[in-house]
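Working notes for the structure below.
Protein chains: 2
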Amino acid sequence: MGVVVPLEEKPVDRLIAPLVKLVAGDMTRVNQTILSRTGSEVTMIPEVANHLISSGGKRLRPILTLATAGLCGYEGGGHVKLAAAVEFMHTATLLHDDVVDDSEMRRGKAAARMLWGNEASVLVGDFLLGQAFKMMVEVGSMQCLDVLSSAAVIIAEGEVMQLSAAKDTETTEDAYLAVIRAKTAALFAAACEVGPILAGRSKAEIAACRAYGANLGVAFQLIDDALDYGGSSAKLGKNVGDDFREGKITLPIVLSFRRGSQAEREFWRRTLEKGEIGEGDLEFALATMKKHRALEDTIERARHYGAMSVDALELFPASPWKQALRDAVEFAIGRAH
Amino acid sequence: MGVVVPLEEKPVDRLIAPLVKLVAGDMTRVNQTILSRTGSEVTMIPEVANHLISSGGKRLRPILTLATAGLCGYEGGGHVKLAAAVEFMHTATLLHDDVVDDSEMRRGKAAARMLWGNEASVLVGDFLLGQAFKMMVEVGSMQCLDVLSSAAVIIAEGEVMQLSAAKDTETTEDAYLAVIRAKTAALFAAACEVGPILAGRSKAEIAACRAYGANLGVAFQLIDDALDYGGSSAKLGKNVGDDFREGKITLPIVLSFRRGSQAEREFWRRTLEKGEIGEGDLEFALATMKKHRALEDTIERARHYGAMSVDALELFPASPWKQALRDAVEFAIGRAH
């Protein structure tokens, strides 16, 4: 549980280090809260929950809740419980996603459903969602409850939207953006909005933090989508091509399909819609993406949202918090290189 | 959507009729709220949600929310949204339960997962849970949010508890009671507690309504368990033995196992723990239950909780609401005959 960001020797990690350092004290309390709130006499619950929670996710979402509270000069303690609630909402989504996607792996470990079954993943997800709301109630801000419960609805809508559009290679970029705004960016936005609310900041400042989170969330997801194909290098490596094998339509695919020849479109239909993937197909997919600059342009699109994210914070005066939040955007995008 | 209680010609239905009549006006508004809140641009959501919601469940839980609000003289409008929220929480549980149990049928129709897949059942359940919390936030009572979010946690704990204890024929009656208190009675209790809270009633009155709901919930579940084996008649009929085929350990089994011979215990182990069910086994199970009076005594146990439920309301003065709520307990138990 101790390690918040895995410190591999990547230069990009230096960009997130200031933010991690600023929230370190609060993050210890968030980790303690997470640990105590996954406790239950029903021993399967902490087992399943901690399998995933302790598996070294970056905890970017709770970090953002703590950091935007810090940016806004919040001096109470409510942000710790809300940060834990945000992480629980995220973890519940991951547990349910694994069931939906039939995933076998998550964060380099066996998915919980492989060890305890789909049942446990569904029900422990429900438990964490319930605990998240209980913690929000304890904090006692109706406005924060409104923000986070609205996010829960939008996330579920986004997941269903993705399901409905699954394996449709003709998905437009706009339709894809609508999905990731809902399934990923909504929680980033909510995570960044509750801090300024707790701090009693103005509507404009609350909206600024929300916009920072929402755009960062879109950028983050786009980079994740590019990273699934090896990022800007588009080279085969560990875990490259998971989305391809699952037939997930992400922006690199949307761009490659639109820019491609008839023969290439047939290739995408066969591999992604029909799931007929043979030897050499992933290599061909990567080469085709390279030819159409699909990964570079996905990263370019992410840069656009990253820039909006940074600009959203401009109405705040200079501070170490503001600088660290700006660097976090660079971090999110820099991961693709 | 219009029919709240299916009006088959059973004498027992006359017992619930006064309650249904008292809440009829409010229930129309609850049904409208349910319909509008399952709406989404993502068309799969209303399809899946309404498949289950419109399939003629009794809506007993929202009826109880409306009725306890009525008993306590509540004159505002918040109880309608909370009743809808309670029904959404219940529906979300059913959707997730079907995935957990691999059920093929629900309320005499194909389970949603058979038509739209496990994915849709999980995600639409999450959507309904999110909408439930959003409606609670709109009502704006932090105390009601506390009651309902605590119930959400306890329900999930109960479901996991049931999963952990699944197929263990040596389950004690106490362990079984702990499961149904969590997975069924907690929502009945919460459904009955929010009305008096909204009405600003005393702690004692709130506790009374909660106790009414909790005990009614236990009685209701016990009767359901007896009904799964045909109720007091223990005769083969439509849907008799579903729990048996799924290896569910309910009170009729707990009692039969404890009271049985070594040979009978071997029978229960083979059929329920190992799932080796052959021709004539259900008939033998029913005969064994009859021999040990397992169904009659399950109903007797339900009567005990029903009596506690009725007594809990005694501190309220006589009124049509009180009488109808008492009759509802008789209805819940009378279903087994």
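Protein sequences appear in the order of chains V and R. If you read the first sequence in our numbering, its first letter stands for residue -1, the second for the next number, and so on. If you read the second sequence in our numbering, its first letter stands for residue -1, the second for the next number, and so on. Beta carbons are placed, not taken as given, at the ideal position from N, Cα and C, and that holds for glycine.
Less than 8 Å separates the beta-carbon of T167 (chain V) from that of L270 (chain V).
Among the residues facing chain R, M140 (chain V) is included, as its CB has a counterpart in that chain under 8 Å away. Contact check for M140 (chain V) against Y227 (chain V) fails: the beta carbons are separated by 8 Å or more. The alpha-carbon separation between L113 (chain R) and S259 (chain V) amounts to approximately 36 Å. By alpha-carbon distance to A150 (chain R), the top candidate from R:K181, R:E312, R:Q160, R:G71 is R:K181.
In this structure, DSSP gives K107 (chain R) an extended state, which the three-state scheme calls strand.
Within the region 37 to 69 of chain V, the residues whose Cβ lies closer than 7 Å to some Cβ of chain R are S38, V40, M42, I43, listed in chain order.
At a cut-off of 8 Å between beta-carbon atoms, A118 (chain R) makes contact with chain V.
With a threshold of 8 Å between beta carbons, H88 (chain V) makes no contact with chain R. Our two residues, E155 (chain R) and A197 (chain V), have alpha carbons roughly 34 Å apart in a direct line.
When only Cα atoms are considered, E281 (chain V) and D11 (chain V) end up about 29 Å apart. Taking a C-beta distance under 8 Å as the contact criterion, A300 (chain R) and I221 (chain R) qualify as a contact pair. Bounds of the alpha helix (DSSP H) holding E45 (chain R) are 42 to 51. DSSP places S307 (chain V) inside the alpha helix (DSSP H), whose first and last residues are 292 to 310.
Taken in chain order, the unbroken stretches of alpha helix (DSSP H) that lie wholly in the region 94 to 162 of chain R and span 4 residues or more are 110 to 137, 140 to 162. Contact between A206 (chain V) and A285 (chain V) is absent: CB atoms are separated by about 42 Å, not below the 8 Å threshold.
Residue V:A164 holds the alpha-carbon nearest to the alpha-carbon of K272 (chain V) among V:P16, V:A164, V:T296. Residues of the region 171 to 203 of chain R that bring their beta carbon within less than 8 Å of a beta carbon in chain V are absent altogether.
Listed along chain R, the residues sitting closer than 7 Å to V122 (chain V) by beta-carbon distance are V158.
E277 (chain R) carries a coil assignment under DSSP once its states are collapsed to helix, strand and coil. Contact between the region 57 to 70 of chain V and the region 22 to 29 of chain V is present, with at least three C-beta pairs closer than 8 Å. In this structure, L214 (chain R) sits near V327 (chain R), with a CB-CB distance shorter than 8 Å. Scanning chain R for C-beta atoms nearer than 7 Å to the C-beta of A154 (chain V) yields L121, D124, F125, G128, reported in chain order. Listed along chain R are D124, F125, L127, G128, Q129, F131, K132, each with a C-beta nearer than 9 Å to that of A150 (chain V).
D240 (chain R) counts as exposed, since fewer than 16 other C-beta atoms from the protein chains shown sit within 10 angstroms of its C-beta.
Residue burial annotation: K132 (chain R) is buried, with at least 16 other C-beta atoms found within 10 angstroms of its C-beta. Contact between S119 (chain R) and A108 (chain R) fails: their C-beta atoms lie close to 12 Å from each other, not under 8 Å. Annotated as proximal: A65 (chain R) and L20 (chain R), with beta-carbon spacing under 8 Å. Assigned with DSSP and collapsed to three states, E73 (chain V) falls in coil, not helix or strand.
Secondary structure within the region 210 to 247 of chain V: the alpha helix (DSSP H) runs of 4 or more consecutive residues, fully enclosed, are 240 to 244 (chain order).
Under the 8 Å criterion on CB atoms, S254 (chain R) is classed as non-interfacial with respect to chain V. In summary, H88 (chain V) is buried, with 16 or more beta-carbon neighbours lying within 10 Å of its beta-carbon over all protein chains present. In chain order, M140, L143, D144, S147 make up the part of chain V whose C-beta sits under 8 Å from the C-beta of V135 (chain R).
Taking a C-beta distance under 8 Å as the contact criterion, Y174 (chain R) and I247 (chain R) qualify as a contact pair. Interface criterion not met: the Cβ of V238 (chain R) is under 8 Å from no Cβ in chain V. Assignment of H335 (chain V) by DSSP, reduced to helix, strand and coil, places it in the coil class.
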